[in-house]
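Student: Quick one: the structure is below, questions incoming.
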Amino acid sequence: MWQLFLSAFVTLFVVIDPPGCAPIYAGLTANATAKQAFSMALRACLIATGILLVFALFGEDLLGALHIELDSFRIAGGIMLFLIALDMVFEKRTERREERAEKVRTAQPQVEDVSVFPMAMPMLAGPGSIASVMLLTARANGIEQTAVILGALGVVMVLSFIALVAARPLIRAMGSQVEAVITRLLGVLLAALAAQFVIDGIQAQF
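All residue numbers for the sequence shown refer to the working numbering, where the first residue is 1343 and numbers rise by one.
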């Protein structure tokens, strides 16, 4: 169970990427008060958690309704995660996030509620995290393993909330160079996990 928890935790932590979301959130809430920033961070994490829970619990039924085999989703999800990993290694993912955040910031210079868009979706509960949580729960055998995976998701979302709340002092403490190194290391790890998803899907299919 601990191995399953650790595997799920690492996968979700790398894909959701709380350290990567923190500086963007700090930029989006630069004009907000501490209370407003705290409230928006809480709402963003709760909404993202709700979205991911829905896909974790009912994603497989959704695939069945669309007549998509789980092995096909494993392969497609693995490829998607691998592309995300490449973006992380070459810092393209961060650039896109910053561009998206800049559009929101320039559209409404005053304090705006960014908890739903872009924080909850697509930054926290994006395609990669949705695919990941569906793949993890699909591999679970029984209620206990599903509960372990959901527990890992809960821990990651709590860490995401802490990262968002502590975003401003965290950026000053880490610095851009340290953040870039961490992002690249997480990207390499995610690439290996994505390759494993593809291998599992191919083996199960053939």
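In this text, a Cβ means the ideal position worked out from N, Cα and C, and glycines have one as well.
Measuring straight from C-alpha to C-alpha, what distance separates Ile1417 and Phe1380?
Tutor: If you number the sequence shown from 1, residue 1417 lands on position 75. If you number the sequence shown from 1, residue 1380 lands on position 38. About 38 Å.
Student: Which residue spans inside the segment 1389-1431 form an unbroken beta strand (DSSP E) run of at least 3?
Tutor: DSSP runs (the beta strand (DSSP E)) wholly in the segment 1389-1431: none.
Student: Count the other CB atoms within 10 Å of the CB of Ser1414; is the residue buried (16 or more) or exposed (fewer)?
Tutor: Position 72 of the sequence shown, counting from 1, holds the residue named residue 1414. So Ser1414 counts as exposed.
Student: Specify the secondary structure class of Met1343 as computed by DSSP and reduced to three states.
Tutor: For the purposes of this step, residue 1343 is taken as residue 1 along the sequence shown, with counting starting at 1. Three-state result, Met1343: coil.
Student: Could you have a look at Glu1486 and say whether DSSP puts it in helix, strand or coil?
Tutor: Position 144 of the sequence shown, counted from the first residue, corresponds to residue 1486. Glu1486: helix per DSSP, three-state reduction.
Student: Which of helix, strand or coil does DSSP assign to Phe1539?
Tutor: Reading the sequence shown from its first residue, position 197 is the one you call residue 1539. In the structure shown, Phe1539 sits in a helix (DSSP, three-state: H, G or I).
Student: With 16 as the cutoff for other CB atoms within 10 Å, does Asp1359 come out buried or exposed?
Tutor: Within the sequence shown, the letter at position 17 stands for residue 1359. Buried, by the Cβ-count rule.
Student: What's the call for Asp1403, buried or exposed, on a 16-neighbour Cβ count within 10 Å?
Tutor: As a working mapping, residue 1403 is identified with position 61 in the sequence shown. When all chains shown are included, Asp1403 counts as exposed.
Student: If Leu1531 sits next to Val1357, beta carbons under 8 Å apart, how far is it from one beta carbon to the other, in whole angstroms?
Tutor: Your numbering for residue 1531 matches position 189 in the sequence shown. Your numbering for residue 1357 matches position 15 in the sequence shown. With 8 Å as the limit, Leu1531 and Val1357 do not qualify as a contact, their Cβ atoms being about 11 Å apart.
Student: Output the distance between the C-alpha atoms of Ser1471 and Leu1354, rounded to the nearest integer angstrom.
Tutor: Residue 1471 sits at position 129 when you count from the first residue of the sequence shown. Residue 1354 sits at position 12 when you count from the first residue of the sequence shown. If you take the alpha carbons of Ser1471 and Leu1354, they lie about 7 Å apart.
Student: For the alpha helix (DSSP H) that Met1476 lies in, which residues bound it at each end?
Tutor: Start at 1 with the first residue of the sequence shown, and residue 1476 comes out as number 134. From DSSP, the alpha helix (DSSP H) with Met1476 extends over Pro1469 to Arg1481.
Student: With Pro1360 as the anchor, note down where its alpha helix (DSSP H) starts and where it stops.
Tutor: As a first step, residue 1360 is located in the sequence shown; it is residue number 18 there, counting from the start. Pro1360 to Leu1370 is the extent of the alpha helix (DSSP H) around Pro1360.
Student: Which value, in whole angstroms, describes the spacing of the CA atoms of Ala1535 and Ile1504?
Tutor: Locating residue 1535 in the sequence shown gives position 193, counting from the first residue. Locating residue 1504 in the sequence shown gives position 162, counting from the first residue. The amino acid occupying residue 1535 in the given sequence is Leu; Ala does not appear at that position. About 25 Å.
Student: Under 7 Å between the Cβ atoms of Thr1391 and Met1461?
Tutor: Counting from one through the sequence shown, the residue named residue 1391 turns up at place 49. Counting from one through the sequence shown, the residue named residue 1461 turns up at place 119. Result no, Cβ atoms of Thr1391 and Met1461 do not sit closer than 7 Å.
Student: Are there 16 or more other CB atoms within 10 angstroms of the CB of Leu1477, so buried, or fewer, so exposed?
Tutor: Translated into positions along the sequence shown, residue 1477 becomes position 135. Buried.
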